[in-house]
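Going line by line, the protein sequences match chains A and B.
The first sequence begins at 246 in the working numbering and counts up one residue at a time.
The second sequence begins at 153 in the working numbering and counts up one residue at a time.
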Amino acid sequence: MSEIFMIMFAAILTENFIFAKFYGICPFLGVSDKPSTALGMGMAVTFVMTISSAATWAVYYLILAPLGLEYLKTIAFILVIASLVQFIEMFLRKNIPSLYSALGIYLPLITTNCAVLGSALVNIQEGYNFFESVVFGFSAAIGFTMAIVVFAGVRERLVLADPPKAFRGYPILLIAAAMVAMAFSGFAGMDFTR
Amino acid sequence: MCMKKNKYLSIFKEGVLTNNPTFVQLLGMCPTLAVTTSVTNAIGMGAAVIVVLMCSNLFISLVRKLIPPEVRIASYIVIISGFVTAVELVIKAFFPAIDAALGLFIPLIVVNCIILARAEAFASKNPPLPSVVDGLATGIGFTAALTCIAAVRELLGSGRLFAGADGSGGITIFGEWFTPVTIFLLPSGAFLTLGFLIALVQKVTATRLERKRIHDLEMDALEAGYHKTLVRDPETGKIVKRKDLAAIEEVPVALDEMTETDEEDKKEEEGGNV
Chain A
246 MSEIFMIMFA AILTENFIFA KFYGICPFLG VSDKPSTALG MGMAVTFVMT ISSAATWAVY
306 YLILAPLGLE YLKTIAFILV IASLVQFIEM FLRKNIPSLY SALGIYLPLI TTNCAVLGSA
366 LVNIQEGYNF FESVVFGFSA AIGFTMAIVV FAGVRERLVL ADPPKAFRGY PILLIAAAMV
426 AMAFSGFAGM DFTR
Chain B
153 MCMKKNKYLS IFKEGVLTNN PTFVQLLGMC PTLAVTTSVT NAIGMGAAVI VVLMCSNLFI
213 SLVRKLIPPE VRIASYIVII SGFVTAVELV IKAFFPAIDA ALGLFIPLIV VNCIILARAE
273 AFASKNPPLP SVVDGLATGI GFTAALTCIA AVRELLGSGR LFAGADGSGG ITIFGEWFTP
333 VTIFLLPSGA FLTLGFLIAL VQKVTATRLE RKRIHDLEMD ALEAGYHKTL VRDPETGKIV
393 KRKDLAAIEE VPVALDEMTE TDEEDKKEEE GGNV
């Protein structure tokens, strides 16, 4: 049981996908202008990542490994993720149109979000079992959501700031992200193994 | 032939400078931030991206008329991931140190937006040769940007440059007196360096645009004969200083004509009103 908690805390804090591992920076910079949108994106990613962790684990250990096709995992995983995202897009459009319109063009971008493929590949690399994979996918996504929502809060304040002309737009955002990352690196010394 | 060369040159300039994938378009940020702790890693990553980008652009351009538009993105991703897998296997076999340092970011080239963006924006609409050139140019732009970021981070973070992929060796730039600023090797240093470099690029671009604007204004004033110090010599057509060309006394014709027509317009308007 403690193993599971270790995986969870590590994935959310010490090995945070955004601030420690740099998976999923594109949506982090793209959809973090309002906390509500950021939360929606985070929820979509959490949903996709939890399901894709389970699906890719199954594809790897039930199909690829018995056939000796482990080297095809990148191609297989990206196909699984792409079809999952397509499915979720259809589901949202039909059942939660408000969230669908809020996330707009970013939903298809989840396919090319390295966080989703990254978590699937980490699961295989670390040799997690099925349950651990799902927990890792879920908690990494929670860490991602937390990072993007926290940063959206910071970014709302930035709108009122008046930086020098050259720093307007992305530079000041990246520097703000650096500050938040510094705060997150405070977790790096924590060791959950003991 | 000359026209063709110019076309390729402009594709090159577009990819490397004016539309630099990292500094201008902010695409593919994940590897940009993650692997730039040393110049060696940055160049390794850049080389992998160049190879994948050229191959996928070539292939997508060759089959561009066969892919139905509804499934094009999925097809591109499958093509790209095929090439990425090949590159990954080659790096694993021949450069194990680079493979260990770059970790998952080699397979993650699949989801690098730069490659998909070039496939969608260029290779799907252009013949094979320009597509390959575009892939090479964009790849070089990406590599150059990564190398810039890595150079700043490695130099400030460790005082060395070109350390091996396993962290050993390298050329010591700063001597014993230098205390490495470790934060530049940490994640926040990546954000910080990229932020400052993009600010620099924006500053340079803004200055160049402003200079061009002033230059255009001056040229307009010159052509109209209003420029303070310069004037076009009516005989030779060359631009000369106004004081060197004493014979200029004629008032620009356009000015007189304009006032006349204005007055006529006014009269007409008044007549209409009455």
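No residue lacks a Cβ here, since even glycine has one placed at the ideal position from N, Cα and C.
Residues near residue i in its chain [Cβ-Cβ closer than 7 Å; skip 5 each side]
i      : result
B:C207 : F235
B:I212 : Y228, I231, A271, A275, S276
A:V399 : A421, V425
A:V325 : S297, A300, T301, V304
A:S277 : A283, I393, F396, A397, R400
B:K395 : none
B:D372 : none
A:K318 : Y305, L309, I369
A:A423 : none
B:E370 : H379
B:P280 : L210, S213, L214
Own chain residues within Cβ distance below 8 Å of residue i, not counting five before or after
i      : result
B:P259 : V236, T237, E240
B:A199 : T295
B:L313 : V191, A303, E306, L307, G322, I323, I325
B:L344 : I335, F336
B:Y160 : P282, V285
A:A392 : N261, F262, I263, F264, F273, V425, F429
A:V379 : T295, S298, A299, W302
A:T291 : F383, A386, I387, F389, T390
A:R338 : Y345
B:R365 : none
B:L382 : E370, L374, I391, V392, K393, R394
Contact under 9 Å by Cβ, residue i with residue j
i      : j      : result
A:T357 : B:C265 : yes
A:A303 : A:F375 : yes
B:G389 : A:Y415 : no
B:L210 : B:A342 : no
B:L254 : B:N172 : no
B:A297 : B:T170 : no
A:G275 : A:V394 : no
B:R363 : B:L374 : no
B:Q354 : A:K410 : yes
B:G316 : B:P332 : no
B:M197 : B:P183 : yes
A:L314 : A:F432 : no
B:G95  : B:G311 : Residue numbering for chain B in the displayed model covers 153 to 426; residue 95 of chain B lies beyond these limits and cannot be assessed.
B:I267 : B:L361 : no
B:A358 : A:F412 : no
A:A327 : B:A273 : no
A:C359 : B:V201 : no
Close Cβ partners of residue i (< 6 Å) along its chain, the five nearest in sequence each way excluded
i      : result
B:V168 : A289, I292, G293
B:F164 : A289
B:D216 : The amino acid occupying residue 216 of chain B in the given sequence is Arg; Asp does not appear at that position. Taken in chain order, the residues that qualify are S276.
Cβ-Cβ separation, residue j to residue i (assumed contact under 8 Å), whole Å
i      : j      : result
A:S384 : A:I252 : 7 Å
B:I243 : B:D251 : 5 Å
A:V361 : A:V293 : 6 Å
A:K266 : A:A397 : Not confirmed; about 20 Å, so no contact.
A:V330 : A:I369 : Contact flag wrong, Cβ pair sits at about 20 Å.
B:L179 : B:A269 : 6 Å
A:G363 : B:L338 : No, A:G363 and B:L338 are not in contact; Cβ-Cβ is about 19 Å, not under 8 Å.
B:S320 : A:I320 : At roughly 35 Å, the Cβ-Cβ gap does not stay under 8 Å, so B:S320 and A:I320 are not in contact.
A:I333 : A:A289 : 7 Å
A:L403 : A:L418 : 7 Å
A:A365 : A:F322 : 5 Å
B:S340 : A:M427 : 4 Å
Interface partners of residue i on chain D, CB under 9 Å
i      : result
B:S340 : Checking the listed chains, one finds no chain D in this structure; the protein chains it contains are A and B.
DSSP state of residue i mapped onto helix, strand, coil
i      : result
A:V425 : helix
B:R312 : strand
B:L352 : helix
B:V239 : helix
B:T188 : coil
B:T174 : coil
A:K410 : helix
B:T359 : helix
B:V403 : At B:V403 the pLDDT is 49, less than 50, meaning the model places this residue with poor confidence; the figure from the coordinates comes in the next sentence. In the structure shown, B:V403 sits in coil (DSSP, three-state: anything other than H, G, I, E or B).
B:K277 : coil
B:K165 : helix
B:K393 : strand
B:T324 : strand
B:N193 : helix
B:N209 : helix
The ligand FMN heavy atom lying under 8 Å from the CB of residue i
i      : result
A:D278 : The ligand FMN is not part of the structure shown, which contains no ligands of any sort.
Residue ranges of each beta strand (DSSP E) run of no fewer than 3 residues wholly in the segment 345-390 of chain A, ordered along the chain? none
Minimum length 4: unbroken alpha helix (DSSP H) runs contained in the segment 263-336 of chain A: 270-275, 280-303
Scan the segment 361-391 of chain B and note each continuous beta strand (DSSP E) run of 3 residues or more that stays entirely inside, going in chain order. 382-384
Please list the segments of the alpha helix (DSSP H) lying wholly inside the segment 221-267 of chain B, counting only runs of 4 or more residues, in order along the chain. 224-246, 248-254
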